[in-house]
Amino acid sequence: MNMPLDQEKPLLQVRHLKKYYPIKKGVISRTVGYVKAVDDVSFDIYPGETMGIVGESGCGKSTTGRSLVRLEDPTAGQVLFQGKDLATVSQKEMRKLRTDLQIIFQDPYSSLNPRKRIGDLLAEPLLAHKMATKAEAEKKVNEIMEIVGLPKQYKNRYPHQFSGGQRQRIGIARALMLRPKLIICDEPVSALDVSIQAQVLNLLKDLQKSLNLTYVFIAHGLGAVKYISDRITVMYLGKVMELATTREIFEHPKHPYTEILLNAYPIPNPHERNRTQMVIEGDVPSPANPPKGCVFHTRCPFAKDICREKAPGLTGKDHLVACHFPIDEGKV
Amino acid sequence: MGELLKVDKIKTEFQTDKGPVTSVDEVSFDLKEGETICLVGESGCGKSVTSLSIMHLLDRNGSVTEGSIRFEDKDLAHASEAKMRKIRGNDISMIFQEPMTSLNPVLTIGDQLTEGIRLHMNYSRADARSYAIEMLKKVGIPRAEGIIDEYPHKLSGGMRQRVMIAMALSCKPKLLIADEPTTALDVTIQAQILKLMKKLREESNTAIILITHDLGVVAEMADKVAVMYAGQVVEETDVYTLFDNPKHPYTLGLMKSIPHITNPDDMRLNSIPGSVPSARNMPKGCRFYDRCPHAMKRCLAEKPELKPIEDKQAHSIRCFLYEEEEKNYEKKHAEKQHAEKEVSS
Chain D
0 MNMPLDQEKP LLQVRHLKKY YPIKKGVISR TVGYVKAVDD VSFDIYPGET
50 MGIVGESGCG KSTTGRSLVR LEDPTAGQVL FQGKDLATVS QKEMRKLRTD
100 LQIIFQDPYS SLNPRKRIGD LLAEPLLAHK MATKAEAEKK VNEIMEIVGL
150 PKQYKNRYPH QFSGGQRQRI GIARALMLRP KLIICDEPVS ALDVSIQAQV
200 LNLLKDLQKS LNLTYVFIAH GLGAVKYISD RITVMYLGKV MELATTREIF
250 EHPKHPYTEI LLNAYPIPNP HERNRTQMVI EGDVPSPANP PKGCVFHTRC
300 PFAKDICREK APGLTGKDHL VACHFPIDEG KV
Chain A
0 MGELLKVDKI KTEFQTDKGP VTSVDEVSFD LKEGETICLV GESGCGKSVT
50 SLSIMHLLDR NGSVTEGSIR FEDKDLAHAS EAKMRKIRGN DISMIFQEPM
100 TSLNPVLTIG DQLTEGIRLH MNYSRADARS YAIEMLKKVG IPRAEGIIDE
150 YPHKLSGGMR QRVMIAMALS CKPKLLIADE PTTALDVTIQ AQILKLMKKL
200 REESNTAIIL ITHDLGVVAE MADKVAVMYA GQVVEETDVY TLFDNPKHPY
250 TLGLMKSIPH ITNPDDMRLN SIPGSVPSAR NMPKGCRFYD RCPHAMKRCL
300 AEKPELKPIE DKQAHSIRCF LYEEEEKNYE KKHAEKQHAE KEVSS
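Respectively, the protein sequence lines represent chains D and A. Under numbering that gives the first Met the number 0, the first residue of the first sequence is numbered 0, with each subsequent residue one higher. Under numbering that gives the first Met the number 0, the first residue of the second sequence is numbered 0, with each subsequent residue one higher.
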């Protein structure tokens, strides 16, 4: 499962995806510029794999995820799910496709309707898509609750009666109700306590195996991403910086940004605290006014003249990197 | 190094409509000058309430009902509000998790930064301003002369946290309480802030209470660590002993449940089942009872005490599993005292 087989067809193909938000100013709301949240992103996702997307806040990872299930309408580009372009299909057809595409949100507190009982919340997607009668739906709810580890008798409770970890289980259960093929997990564990994070990560991993699910796992916590992903996309200012298998990313990072991101992560071992650390100064530039050339050149310790003028393309076969001077371990 | 702060078995209660709720129970630790202690634990374990108790910043319905807090020669647990005003921001200062909400949006950075300097250090307006610029430079803010007249919304999260640090350190406090100072920031910015805190700590010899849930941050910053669970300290020792030889079942579980980038590929995370008990109905015995893999019958009924055990370094644990080691420590301790007595007589 780790390496997608050559003959296998991708489940989802993202081609030159762009999402620009207009900046409006003045009395007549003239558009004075664009925030380039996602700027020319392409990747494939194969059945049964987990694609991790990492990056700092504001790098466009959530917007990418939301565009994949058309919670955002892309400005340009294609999202092909089993050959159909999600960016242009009609609302009616999209509704049908949504049974195969589900999303789990970061905040389980705000993504559940506080006035509905859990049993009804879980049955809702089935009834809305007319995929089951009430009696069948109830049976299905019982099944799914058992799968995600919630006692059946909690069906009549309201969301506020659950803890954060349990609410995230409900969010997962709800996404599973329609037996989707692809689930976008948008920071599913970031709001949870560490001891609960492990429970949810293990649950997601087990479900993937038993139900043959494909995940897009978006997070800023590299530990969680490494634990669950087969391949990882590193994003910075709306662009893909590096894309490779999890092992490659962690053992042989080629992009300086990836290297710095890995390096910035505090190691839970006090004996390592005096290691030499590569700390980059400065903040992420505003996506409304990204730097010319390579978007990372303002913070890159290795930036040269060409980086300030020409944006590097994403090159490579299995290990893709967008950098004029990728880190070559042989040379260092 | 002299002793700076001694927190002794404090209990903090909140009065609610449904009766009192104890959120911190029997928490003790002490801190020397220039030392850094980390309070680690999950949300709701009482680490923030502990620090707010020290600062007298609890909500109106909360109060320290038992125990004592000694800071140098002062008793903070029973200090008057007037006395606390002299200490807060001067001897003890604090930085919070959300630099966005702890800065006043309608005052410039300079207004907010010089307020404390003028109040506690009696500087003139002009002196306070140039001192504030100096502080901003010290925490690595570029164009400090310009930034001082800006409003907080112009700054990024990392910059705002730097301003908070400059503000907290401007009166040269002896103790800095940092409540999750990097939790809201990105890892690259977190690395910058931690580096800055280390540098400033070396220069000023300020003692730090660092509250965090991130064991990586603990390993980077702490001299010693108190692991908290459900309002109590369950394990306390120096940082090396904690990571090399963790003992309490909760600490062990916590360490194994964190997905880390240095973990081997196929390692399955060990999750702690269940969740933290609510403050309203705390178990009578050990509070970790229903999540503990080693729970015994007596853990349900009896309450374990935080006791020192026999180890190479000072190491205290609240668990019945280590009674043998606790007894050994007592025995050795008694022998040592006996021997000392004989020598002196």
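Using N, Cα and C, we set each Cβ at its ideal position, and we do this for glycine too.
By alpha-carbon distance to residue 139 of chain A, the top candidate from A/110, A/195 and A/124 is A/195. Neighbours of residue 242 of chain A in chain D, taken as residues whose beta carbon is under 9 Å from its own, are 267, 268, 269 and 270 in chain order. Think of a sphere of 7 Å around the beta carbon of residue 222 of chain D: the chain A residues whose beta carbon falls inside it are 257, 258, 259 and 260, in chain order. Looking at the DSSP output, residue 243 of chain D sits in a beta bridge with D/231. Nearest neighbour of residue 271 of chain A by Cα position, chosen from D/262, D/201 and D/125, turns out to be D/201. Taking 7 Å as the cut-off, the beta carbon of residue 241 of chain D is found no closer than this to the beta carbon of residue 251 of chain D. Non-local beta-carbon contacts of residue 307 of chain A in its own chain, meaning distances under 6 Å to residues more than five positions away in sequence, involve 315 and 328 in chain order. CA-to-CA, the gap between residue 300 of chain D and residue 280 of chain D works out to about 10 Å. For residue 287 of chain D and residue 159 of chain A, the gap between their C-alpha atoms comes out near 21 Å.
Distance check between residue 189 of chain A and each of D/95, D/314 and D/260 places D/260 closest, using alpha-carbon atoms only.
Taking 7 Å as the cut-off, the Cβ atoms of residue 96 of chain A and residue 182 of chain A count as close.
As for any alpha helix (DSSP H) of minimum length 4 sitting wholly inside the region 61-111 of chain A, the runs are 80-86 and 98-101, ordered along the chain. With 16 or more neighbouring CB atoms inside 10 Å of its own CB, residue 18 of chain D falls in the buried class. Judged by DSSP in its simplified three-state form, residue 174 of chain D adopts helix.
In the structure shown, residue 249 of chain D falls within a helical segment according to DSSP collapsed to helix, strand and coil.
The count of Cβ pairs closer than 8 Å, one atom from the region 212-225 of chain A and one from the region 267-278 of chain D, reaches three, so the stretches are in contact. Exclusion of the five residues before and after residue 7 of chain A leaves 27, 66 and 67 as the residues of its chain whose Cβ lies within less than 6 Å of its Cβ. Assignment of residue 50 of chain D by DSSP, reduced to helix, strand and coil, places it in the strand class. Cβ-Cβ separation between residue 279 of chain A and residue 20 of chain A: approximately 6 Å, consistent with a contact (criterion under 8 Å). Judged by DSSP in its simplified three-state form, residue 228 of chain A adopts strand. Counted as a single uninterrupted DSSP element, the alpha helix (DSSP H) harbouring residue 331 of chain A occupies residues 322-343. Annotation: residue 33 of chain A to residue 200 of chain A spans about 7 Å, alpha carbon to alpha carbon. With the criterion set as a beta carbon lying under 8 Å from some beta carbon of chain D, the members of the region 175-204 of chain A are 185, 186, 187, 188, 189, 190, 191, 193 and 194, in sequence order. Burial check for residue 94 of chain D: the Cβ neighbour count within 10 Å stays below 16, so the residue is exposed.
DSSP places residue 11 of chain D in the uninterrupted beta strand (DSSP E) bounded by 11-24.
When beta bridges are read from the DSSP output, residue 315 of chain A appears opposite A/235 and A/307. The residues 240, 311 and 313, in chain order, have a CB closer than 6 Å to that of residue 321 of chain D in the same chain once the five nearest residues on each side in sequence are set aside. For residue 133 of chain D, the uninterrupted alpha helix (DSSP H) run begins and ends at 133-146, by DSSP. DSSP places residue 185 of chain D in the strand class (E or B) of the three-state scheme. In this structure, DSSP gives residue 117 of chain A a helical state, which the three-state scheme calls helix. Bounds of the alpha helix (DSSP H) holding residue 255 of chain D are 255-263. As the crow flies, the alpha-carbon of residue 136 of chain D is around 18 Å from that of residue 157 of chain D. Residue state for residue 161 of chain D is assigned as coil, using DSSP reduced to three classes. Close to residue 215 of chain A, with beta-carbon spacing below 8 Å, are these residues of chain D in chain order: 264, 265, 266 and 267.
Around residue 276 of chain D, the beta-carbon contacts reaching into chain A at under 8 Å are 190 and 194. For residue 39 of chain A, the beta-bridge partners assigned by DSSP are A/211 and A/226.
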